[in-house]
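Structure record follows, encoded as structure tokens.
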Amino acid sequence: MDIFDKIKKNRGALGQHAEYSHGYFMFPKLEGDISNKMMFRGKEVLVWSVNNYLGMANHPEVRKADADAAAKYGLSQPMGARMMSGNSNLHEKLEEELSSFVSKEDTILVNFGYQGMASAIDALVDRKDVIVYDSESHACILDGVRMHQGKRFVYAHNEIDKLEIMLQRATKIIGETDGGILVITEGVFGMGGDTGKLPEIVALKKKYDFRLFVDDAHGIGTMGETGAGTGEHYGVQDDIDIYFGTFAKAFASIGGFISSTENVVDYLRYNMRSQIFAKSLPMPLVVGNLKRLELFRNDTSFKDDLWKIADALQAGLKAEGFNLGETDSQVTPVILRGGPFEAANVVTDLRENYAIFCSLVTYPVVPKDVILLRLIPTAVHTLEDVDYTVGVFKKIKAKLERGEYDKEKVVFA
Ligand SMILES: Cc1ncc(COP(=O)(O)O)c(C=O)c1O
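Numbering (my numbering), first residue to last: 779 to 1191.
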């Protein structure tokens, strides 16, 4: 069989929907400055689907720092991987600032969070070691686990008694292999918005020997008193052995970082394949990330503004009887009942008739009869945006319950 024939016939789990969804449900183009209102297909929409949590994307000081750095350094500097010819004082300065922000000894930058996370897992464990991870882990964690040549155990999402059973199994195995155990969870789960049960996981350290790796992509900048993340929020930052944050969300930029002890970070620096064999972060991103960190570290009003909106949105939706799942973070899932076509028609109605743009999560990520609309509040939304959205959601819920959305096909209004 020619692999090209195969891929023509089977476009994959997401690609199979491309014919009707490309450019609209998938790969839509949001245009204009990143803010609460943007342009979609020539029309202004209220956007609840970009992770610009702290409103950094379009902050004038950030835009200036990005532009000045691009003018000064271009996009090329520094050339090469960090290890070979791509290191700089500014890369090291950003690492120092991040270490101090998240209260860890040392930090290594990674040029995409995804590759960094997967590659760090790959570097940390060998065939004698056992990985134990949450079943709702992000794809980058799953890819890291896929590279692991030893045993791995998955536990049902956030179920600590299941985690404990897996730790018992893992402990038995490492007794034979002489390896170690790495537990991986997210700080804030990106889809459901529930936080990883970090205090309970940390408490298990008293009974079992393991190291804890937390992917806090959605928690950095948004959770905790200073914005240092979900570990700070729960007062367990010191018990997180390896802490990951991305620049792709609260920082509204690109790249990420991993913080830990000097010894662990030094090991990662010399063993993380995705960084050793890839070009380092371009200077404007490093300078831009320094600026963002300086801004929100010295001024918690960015985080307070985000939470003002997140709290109002969640309270408003709950007051109207919406099911927001288990969220205890800013990520706001709205769970409705309906099939995949009804889901698509709800989203079309929201976009075309109410000028609200939010993301849709459907089967296979959620069961076939569940519609999950995912709302991402940010510091640049207003309370009027919240009121308007809650009112519209009330209307679409009533329409859905009356069976007004087509169940057989997508209808573009
Ligand atoms: C939980 C989680 N981890 C890691 C990543 C990857 O980060 P990046 O976008 O920096 O590659 C994401 C981004 O979607 C995420 O949600």
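The beta carbon of each residue, even a glycine, is placed where N, CA and C say it ideally should be.
What span of residues does the beta strand (DSSP E) with residue i cover, start to end?
| i | result |
| --- | --- |
| Pro-1111 | 1110 to 1115 |
| Ile-781 | Ile-781 -> not in any beta strand (DSSP E); alpha helix (DSSP H) instead, spanning 781 to 787. |
| Thr-885 | 884 to 888 |
| Ser-866 | Here Ser-866 belongs to no beta strand (DSSP E), and DSSP marks it neither H nor E. |
| Arg-1152 | 1148 to 1153 |
| Leu-960 | 959 to 964 |
Do residue i and residue j have their C-beta atoms closer together than 8 Å?
| i | j | result |
| --- | --- | --- |
| Phe-1025 | Asn-1067 | yes |
| Val-823 | Phe-1135 | yes |
| Lys-1069 | Gly-1005 | no |
| Glu-964 | Asp-993 | yes |
| Phe-805 | Ala-1122 | no |
| Ala-995 | Gly-1023 | yes |
| Phe-931 | Leu-960 | no |
| Ile-952 | Gly-922 | no |
| Met-861 | Ile-1018 | no |
| Ala-948 | Met-925 | no |
| Lys-831 | Gly-999 | Per the sequence shown, the amino acid found at residue 831 is Tyr instead of Lys. In contact: Tyr-831 and Gly-999 (Cβ atoms closer than 8 Å). |
| Val-840 | Ile-1154 | no |
| Asn-889 | Gly-997 | no |
| Phe-1119 | Glu-1186 | yes |
Out of the options, which one is the CA nearest neighbour of residue i?
| i | options | result |
| --- | --- | --- |
| Phe-1035 | Asp-939, Tyr-933, Gln-893 | Gln-893 |
| Thr-1167 | Phe-1029, Glu-809, Thr-1110 | Thr-1110 |
| Leu-887 | Asp-972, Asp-1082, Ala-859, Asp-904 | Ala-859 |
| Met-944 | Leu-1153, Lys-929, Thr-955, Glu-954 | Lys-929 |
| Gly-801 | Thr-1126, Phe-1171, Asp-1017 | Thr-1126 |
| Arg-936 | Ile-959, Asn-829, Pro-977, Glu-883 | First, the residue type needs correcting, since residue 936 is Asn and not Arg in the sequence shown. It is Pro-977 whose Cα lies nearest to the Cα of Asn-936. |
| Leu-1128 | Ser-881, Tyr-1183, Arg-1047, Tyr-831 | Tyr-1183 |
| Asp-1016 | Ser-1038, Lys-1027, Gly-997 | Ser-1038 |
| Val-1188 | His-926, Gly-957, Gly-1117 | Gly-1117 |
| Ile-1020 | Ser-1031, Val-980, Lys-1027 | Val-980 |
| Lys-985 | Glu-874, Ala-1088, Gln-946 | Gln-946 |
| Ser-866 | Ser-1107, Tyr-851, Gly-1169 | Tyr-851 |
| Ser-878 | Ser-854, Val-966, Leu-941, Glu-1010 | Glu-1010 |
If you run the structure through DSSP and keep just helix, strand and coil, what is residue i?
| i | result |
| --- | --- |
| His-800 | strand |
| Lys-1175 | helix |
| Met-816 | strand |
| Asp-1089 | helix |
| Ile-1036 | strand |
| Tyr-729 | Since the first residue of the chain shown is 779 and the last is 1191, residue 729 is not available in this structure. |
| Glu-914 | coil |
| Leu-832 | coil |
| Arg-989 | strand |
| Lys-821 | strand |
| Phe-1135 | strand |
| Leu-909 | Residue 909 is actually Ile in this sequence, not Leu. Strand. |
| Leu-808 | strand |
| Thr-973 | strand |
Tell me the residue span of the alpha helix (DSSP H) that contains residue i.
| i | result |
| --- | --- |
| Tyr-1045 | 1040 to 1049 |
| Leu-976 | 976 to 981 |
| Phe-1274 | Residue numbering for the chain in the displayed model covers 779 to 1191; residue 1274 lies beyond these limits and cannot be assessed. |
| Val-1065 | 1061 to 1076 |
| Thr-949 | 938 to 955 |
| Asp-844 | 838 to 851 |
| Ala-1056 | No alpha helix (DSSP H) holds Ala-1056; DSSP gives it neither H nor E. |
| Ser-897 | 891 to 902 |
| Gly-1009 | 1008 to 1012 |
Any beta carbon of chain D sitting closer than 8 Å to that of residue i?
| i | result |
| --- | --- |
| Thr-1167 | Within the model displayed, chain D is absent; a lone protein chain is all it includes. |
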